[in-house]
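Inspection log for the structure reproduced underneath, given as structure tokens.
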Amino acid sequence: MQIDALLKDRQPHVPLLKHLATGALVFSQDDHILLLQRAPDDSMPLKWEIPGGACDLEDETVLHGLARELWEESGLLMTRAIELVARDVFLTRRGNTVEKMTFEAEVQAPSSSERPVVTLDPQEHVQFLWATEEECRLGKAKLGEEEVDINFTTKDQRRVILTGFKHRKERGRQ
3 MQIDALLKDR
13 QPHVPLLKHL
23 ATGALVFSQD
33 DHILLLQRAP
43 DDSMPLKWEI
53 PGGACDLEDE
63 TVLHGLAREL
73 WEESGLLMTR
83 AIELVARDVF
93 LTRRGNTVEK
103 MTFEAEVQAP
113 SSSERPVVTL
123 DPQEHVQFLW
133 ATEEECRLGK
143 AKLGEEEVDI
153 NFTTKDQRRV
163 ILTGFKHRKE
173 RGRQ
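Take this note's numbering: the last position of the sequence shown gets the number 176, and nothing is skipped along the way.
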């Protein structure tokens, strides 16, 4: 679907959208999800999130925007969007209405048994981890030898991540 069409196509009860954003739920073969920790000088400093961001009008479709954001934030090449997991509308601190579409995304990996190689943009994120469903639920994970608190950017971020795990189980992926 074209981005400008999505911004114009709305339900009467939904305020006029000014922005469209995407999020990528990237799972490893051993069913861990990729989480990125925001840079200390960015908004919501040091909070955890999935890769994603604003769609640009130059993006041909929402999926093109998803692939671009995933590449820019993690260095991962999306091979396909598996499923639309969530579609949320929220207001930014500046009062802009944003619709965020979160997809489970498949990415290129060195082999079917290895996790993809993540390359961060240090201006946006300072570290990453691969977390289990239980770690996301509890808000604590292992990063190397260290246990870290997973403080998500928003409650909705956590909800969408847990929904992604649920959808994978329903499809037979555990």
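C-beta: ideal position from N, C-alpha, C; glycine also. Nothing here was measured: the structure is a model prediction, and the numbers come from that model.
Closest by C-alpha distance to GLU85, out of THR94, LEU68, PRO124, is LEU68.
Taking 7 Å as the cut-off, the Cβ atoms of LEU27 and GLN39 do not count as close.
Secondary structure at GLN125: coil, using DSSP grouped into helix, strand and coil.
The beta carbon of ASN153 lies closer than 8 Å to those of LEU48, LYS49, TRP50, GLY141 in the same chain, with the five residues before and after it left out.
Its Cα nearest to that of ALA41, the residue GLN129 stands out among THR165, ARG160, GLU149, GLN129. With a threshold of 16 other beta carbon atoms within 10 Å, THR104 meets it and is buried.
Contact between the stretch 53 to 69 and the stretch 131 to 149 is absent, with fewer than three C-beta pairs closer than 8 Å. DSSP, read as helix, strand or coil, puts GLN31 in coil.
PRO118 sits close to LEU78, with the two beta carbons spaced by under 7 Å. Following the DSSP letters along the chain, one finds ARG139 inside the alpha helix (DSSP H) bounded by residues 135 to 140. In the structure shown, the three-state DSSP call for GLU75 is helix.
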